[in-house]
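Here the structure comes first, spelled out in structure tokens, and everything after it is commentary.
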């Protein structure tokens with residue numbers, strides 16, 4: 001095996017394209033220079049289509065969690081009530097952040113592997129009209145479930161004045177997102193998923209409705225104070241030191257995304273999802289999410305009683321230098337998750353499926369070699 | 001001019017060595033993988049000597065400001081009183097962060113260009129024994145003043161039980177820092193200064209005394225909750241997604257720093273400071289800081305009444321592709337600041353001085369060509 005041919009098929013970080021690596025290697029420039037300001041403002045502008053918004057998009061040096069926190073500390077005050085739609089580990093994170101700041105977090109939970117339905121939210125909001133914000137996860141990375149954000153937004157808008165705040169960290173850029181049209185108030189995402197960058201940046205956009213609340217509130221935190229970012233972006237800059245080399249890379253990523261075009265990018269990801277799911281079904285491996293709510297970017301599989309997920313993962317790494325993800329929290333060691341997003345194409349999906357088949361054979365699990373690949377090929381051929 | 005030969009002589013970000021760029025180009029790996037965990041834990045361990053501590057050093061994806069905020073939200077509660085030693089823009093930032101969280105911030109201010117003295121702090125602490133933390137800036141980047149941290153620590157330890165929290169963003173790695181021996185409780189710094197990395201990482205270490213307070217406090221923020229970082233580092237990981245490519249770069253930086261050795265690094269920076277100051281004196285350009293409190297990493301000059309700082313900066317960029325910094329806040333447009341840290345050596349200082357001389361000539365300012373270079377050469381020759 002070539003050590004530098006390591007194949008990363010986890011739900012983020014995702015592989016970095018060579019041209020993005022090169023772009024990040026440009027000589028460092030001052031972040032208060034005119035050259036950087038122009039690049040920064042243009043780059044922020046170019047992010048808007050992926051959010052489906054005319055609003056400004058803010059770029060933060062930090063992880064996805066820092067952006068989730070940004071969504072909380074600017075819109076709520078201690079004692080406010082919020083509804084958290086929890087379908088896995090990342091929904092729960094929103095609840096924990098709210099509680100840290102004294103926000104009353106009402107968790108609307110579904111079992112891991114299921115999606116949040118509009119009915120669940122409607123019933124709750126009718127009982128609790130005082131709720132000021134509803135938090136949801138677009139792609140629940142821990143389970144491979146894509147929550148129906150457009151439908152949830154419609155239900156919330158119909159029954160409440162609450163802000164609707166969405167974590168789209170693990171799928172924005174790979175899925176449709178029409179923040180303005182759907183009536184979503186805040187969308188946050190990260191750099192290391194569909195945006196094909198290293199970890200270290202997060203992006204956030206807020207609606208006019210959200211800005212009315214944000215402008216009235218004193219932000220509960222300092223580094224994450226959105227008003228400071230708005231004031232600075234109007235001057236083509238950032239309130240605190242931006243991650244310059246990652247911004248260089250982001251500009252190159254946006255070139256790549258624009259060359260392919262968002263509709264084609266979404267179709268490519270849907271195709272990779274469908275290929276992966278067809279393969280797993282052909283291999284008789286249980287999928288955690290129903291087809292209807294299946295994530296476009298990550299597929300979770302539950303091999304309970306048939307083989308050990310960790311044995312498969314270990315064999316994939318040892319024999320083929322391929323990394324897939326395991327489970328999180330109570331699913332740790334029990335499931336495996338295949339990332340298919342970012343710098344990844346249908347042939348890469350065939351590759352990981354073939355390696356999974358061979359690894360299953362090696363660990364003594366029941367497998368018909370080639371069956372998963374064939375099912376995925378059939379999906380791909382029907383598409384091209 | 002070659003566009004890629006742009007010369008960055010600002011007090012951060014600083015130029016990135018080619019071998020560090022290459023290290024950051026390694027293929028992305030999962031941040032929850034064993035390979036990354038081992039690298040991360042080893043890299044955090046290797047940061048300790050630059051802090052002068054046996055305590056763990058925490059690595060954060062964020063700007064220096066996020067690390068300043070980390071120093072506040074883990075040690076104080078709303079209503080607590082803190083003393084902020086303000087000698088410029090970055091001292092004031094600590095005060096603003098405190099106030100955001102309801103901490104009562106007592107500002108002990110000196111005019112910009114002067115240093116904080118132990119006497120000032122002693123007198124205040126005797127009047128206000130209830131102060132729970134004292135915040136200081138090691139290098140006040142906005143003025144080029146290095147505050148006497150060891151002496152301040154001694155004064156605080158003698159007269160108070162307050163924690164002593166130090167912003168060393170713009171000089172750690174280039175100056176002596178003996179956190180444990182001096183009795184400093186928290187030191188924070190950033191990646192883009194003496195550590196020769198792109199912007200995007202911050203580092204923090206805390207004393208046993210600080211940990212006793214931190215463990216008792218509920219952190220006022222979530223992403224910046226130090227207890228979560230401590231728990232994760234014990235498991236060789238981070239609570240939230242780390243900036244993987246910057247950690248690759250940091251490991252390479254630490255190789256470079258260890259090859260040169262900290263004593264030699266400190267001497268190199270002191271030499272570059274002395275060369276720069278000798279040159280400015282020879283050119284009759286007023287230095288903002290006294291020799292005794294002159295920053296090792298950035299020199300601030302005040303050309304009031306002789307020439308316009310911004311005209312010099314513009315000419316340097318246009319003719320020589322060299323960037324130096326201007327003033328901040330009320331000094332914007334009035335002063336200029338020369339960075340001499342990180343991937344910068346004495347010959348680079350001679351280069352920037354010669355370009356400053358020629359630019360002064362071009363803008364019609366009084367200058368004897370070569371006079372500054374000669375003075376700096378004499379300092380260098382006496383040293384080698």
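Chains as they are written, first to last, in the UniProt record's numbering: chain A, 1 to 384; chain B, 1 to 384.
Where is the CB? At the ideal position from N, CA and C, for every residue including glycine.
CA-to-CA distance, residue j to residue i, given in whole angstroms
i                      : j                      : result
residue 38 of chain A  : residue 56 of chain A  : 15 Å
residue 374 of chain A : residue 279 of chain A : 8 Å
residue 145 of chain B : residue 274 of chain B : 14 Å
residue 206 of chain A : residue 214 of chain A : 9 Å
residue 397 of chain B : residue 115 of chain B : The shown model of chain B, from 1 to 384, leaves out residue 397 of chain B, and the question about it has no answer.
residue 43 of chain B  : residue 247 of chain B : 8 Å
residue 371 of chain A : residue 2 of chain A   : 27 Å
residue 186 of chain A : residue 341 of chain A : 23 Å
residue 21 of chain A  : residue 166 of chain A : 30 Å
residue 101 of chain A : residue 358 of chain A : 49 Å
residue 365 of chain B : residue 30 of chain A  : 26 Å
residue 382 of chain A : residue 376 of chain A : 10 Å
residue 276 of chain B : residue 123 of chain B : 35 Å
Residue-level contact to chain B via CB, residue i, 8 Å cutoff
i                      : result
residue 100 of chain A : yes
residue 69 of chain A  : yes
residue 256 of chain A : no
residue 15 of chain A  : yes
residue 246 of chain A : yes
residue 338 of chain A : no
residue 170 of chain A : no
residue 64 of chain A  : yes
residue 10 of chain A  : yes
Neighbour flag for residue i against chain A, beta carbons, 8 Å
i                      : result
residue 185 of chain B : no
residue 25 of chain B  : yes
residue 4 of chain B   : yes
residue 240 of chain B : yes
residue 237 of chain B : no
residue 96 of chain B  : yes
residue 30 of chain B  : yes
residue 33 of chain B  : yes
Best match in the options for proximity to residue i [C-alpha to C-alpha]
i                      : options                       : result
residue 295 of chain B : B/271, B/312 and B/314        : B/271
residue 106 of chain B : B/113, B/65 and B/128         : B/128
residue 297 of chain A : A/49, A/346, A/253 and A/99   : A/346
residue 324 of chain B : B/141, B/382 and B/266        : B/141
residue 204 of chain B : B/226, B/329, B/213 and B/312 : B/226
residue 60 of chain B  : B/3, B/175, B/190 and B/379   : B/190
residue 327 of chain A : A/88, A/22 and A/306          : A/88
residue 363 of chain A : A/319, A/232 and A/352        : A/319
residue 285 of chain B : B/348, B/368 and B/321        : B/368
residue 156 of chain B : B/304, B/380, B/130 and B/41  : B/130
residue 221 of chain A : B/67, B/32 and B/384          : B/67
residue 339 of chain A : A/198, A/355, A/244 and A/170 : A/170
residue 23 of chain A  : B/58, B/4, B/201 and B/314    : B/4
residue 201 of chain B : A/232, A/244, A/211 and A/173 : A/244
residue 76 of chain B  : B/329, B/11 and B/94          : B/94
residue 40 of chain B  : B/266, B/252 and B/350        : B/252
residue 74 of chain A  : A/99, A/264, A/136 and A/219  : A/219
Any non-hydrogen atom of the ligand ADP closer than 7 Å to residue i Cβ
i                      : result
residue 100 of chain B : Among the ligands in the structure shown, none appear at all, so the ligand ADP cannot be discussed.
Beta-carbon proximity check, residue i vs residue j, cutoff 8 Å
i                      : j                      : result
residue 177 of chain B : residue 50 of chain B  : yes
residue 175 of chain B : residue 269 of chain B : yes
residue 163 of chain A : residue 209 of chain A : yes
residue 181 of chain A : residue 132 of chain A : no
residue 121 of chain A : residue 110 of chain A : no
residue 196 of chain B : residue 17 of chain B  : yes
residue 224 of chain A : residue 69 of chain A  : yes
residue 80 of chain B  : residue 97 of chain B  : no
residue 28 of chain B  : residue 13 of chain A  : yes
residue 254 of chain A : residue 46 of chain A  : yes
residue 173 of chain B : residue 153 of chain B : no
residue 126 of chain B : residue 159 of chain B : yes
residue 307 of chain B : residue 360 of chain B : yes
Amino acids of chain C, ordered along the chain, whose beta-carbon sits closer than 7 Å to that of residue i
i                      : result
residue 243 of chain B : Of the protein chains in the structure, A and B, none is chain C.
Margin query: Beta carbons nearer than 9 Å to chain B: which residues of the stretch 212–224 of chain A have them?
Written below: 218, 219, 220, 221, 222, 223 and 224
Note to self: Which residues of the stretch 46–62 of chain A have a Cβ closer than 8 Å to any Cβ of chain B? Give them in chain order.
What the structure shows: 61 and 62
Check: Listed from N- to C-terminal order along the chain, which residues in the stretch 310–333 of chain A have their beta-carbon within a distance smaller than 8 Å of any beta-carbon of chain B?
Finding: 323 and 325
Notebook entry, point to check: Between the stretch 345–360 of chain B and chain A, which residues of the former have CB atoms less than 7 Å from a CB of the latter, in chain order?
Noted result: none
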